[in-house]
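First residue of the sequence shown: 1, per the working numbering; consecutive thereafter. Glycine residues also receive a C-beta, built at the ideal position from the N, C-alpha and C atoms.
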Amino acid sequence: MTTKNLFILSSLIFTVTIFVSSSATAGGNPADGEQAFESICSSCHGAVGITEIPGIPVFANGERMNKTDEQLKNSIRNGVNNPDNPAGMVMPPFGGGPVLNDKQLSDVIAYIRSLKKK
Ligand code: HEC
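Next up, the structure:
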């Protein structure tokens, strides 16, 4: 094998590696999302996603988890003001905390999804 071919081969492997590792993290890292959830979201949604506050989805029961990551991201970004909420509860954008970037949103969603009891 010539040096040139070797170079092409190794850059190909490199590209594939980058692609595989970035698509693996596209779903978010639950461990990275835990801290944000604990500090910003747990006041309403409860530690480990269990709350008895009426009108707040219980993530430990998998509530709302049939939605896509993109739908959940939009809800977190924009907040949720649902006129049909049984307790008239409103979720502020980002839960009233600091703005989360796309990666942070993916991480916090991965964490929420991990709370569902099997
Ligand atoms: C002030 C209380 C409060 C805080 C803080 C809060 N939420 Fe919520 N959240 C709500 C309420 C109320 C709903 C239900 C709204 C409805 O009726 O659909 C909700 C719904 C959701 C949903 C479901 C949205 C959907 O599309 O159905 C997600 C996901 C969510 N919250 C994530 C978070 C995350 C992540 C945080 C922290 C960054 C957070 N919440 C902080 C009150 C809160």
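Tell me which residue opens and which closes the alpha helix (DSSP H) that Pro-30 is part of.
Here residue 30 corresponds to residue number 30 of the sequence shown, with the count starting at 1. Run containing Pro-30: 30–36, per the alpha helix (DSSP H) assignment.
Which value, in whole angstroms, describes the spacing of the CA atoms of Gly-28 and Gly-95?
Looking up residue 28 in the sequence shown gives position 28. Looking up residue 95 in the sequence shown gives position 95. Approximately 19 Å, taken between the alpha carbons.
Would DSSP call Ile-53 helix, strand or coil?
Taking the sequence shown and counting its residues from 1, the one referred to as residue 53 is at position 53. DSSP places Ile-53 in coil when its eight states are reduced to three.
To the nearest angstrom, how far is it from the Cα of Pro-54 to the Cα of Asn-82?
On the sequence shown, position 54 is the one that residue 54 refers to. On the sequence shown, position 82 is the one that residue 82 refers to. Cα to Cα, the separation comes out at about 14 Å.
Can you tell me whether Ser-106 sits near the ligand HEC, meaning its C-beta is under 6 Å from at least one heavy atom of the ligand?
Here residue 106 refers to the residue found at position 106 of the sequence shown. Not so, every heavy atom of the ligand HEC lies at least 6 Å from the Cβ.
Assuming Cys-44 contacts Thr-51 under a Cβ cut-off of 8 Å, what Cβ separation, rounded to an integer in Å, is found between them?
The residue labelled residue 44 in the question sits at position 44 within the sequence shown. The residue labelled residue 51 in the question sits at position 51 within the sequence shown. In this structure, Cys-44 and Thr-51 form a Cβ contact; the two beta carbons are roughly 7 Å apart against a cut-off of 8 Å.
What does DSSP give as the partner residues of Met-89 in its beta bridges?
Translated into positions along the sequence shown, residue 89 becomes position 89. Partner(s): none; Met-89 has no beta bridge.
Where Val-80 falls: helix, strand or coil (DSSP):
Translated into the one-based positions of the sequence shown, residue 80 becomes position 80. In the three-state reduction of the DSSP assignment, Val-80 falls in the strand class, which pools E and B.
Below 8 Å on the Cβ atoms is my guess for Asp-107 versus Gly-49; work out the distance and round it to an integer in Å.
Translated into the one-based positions of the sequence shown, residue 107 becomes position 107. Translated into the one-based positions of the sequence shown, residue 49 becomes position 49. With 8 Å as the limit, Asp-107 and Gly-49 do not qualify as a contact, their Cβ atoms being about 15 Å apart.
Sorry if obvious, but does the Cβ on Met-65 come closer than 6 Å to a heavy atom of the ligand HEC?
Counting from one through the sequence shown, the residue named residue 65 turns up at place 65. Not so, every heavy atom of the ligand HEC lies at least 6 Å from the Cβ.
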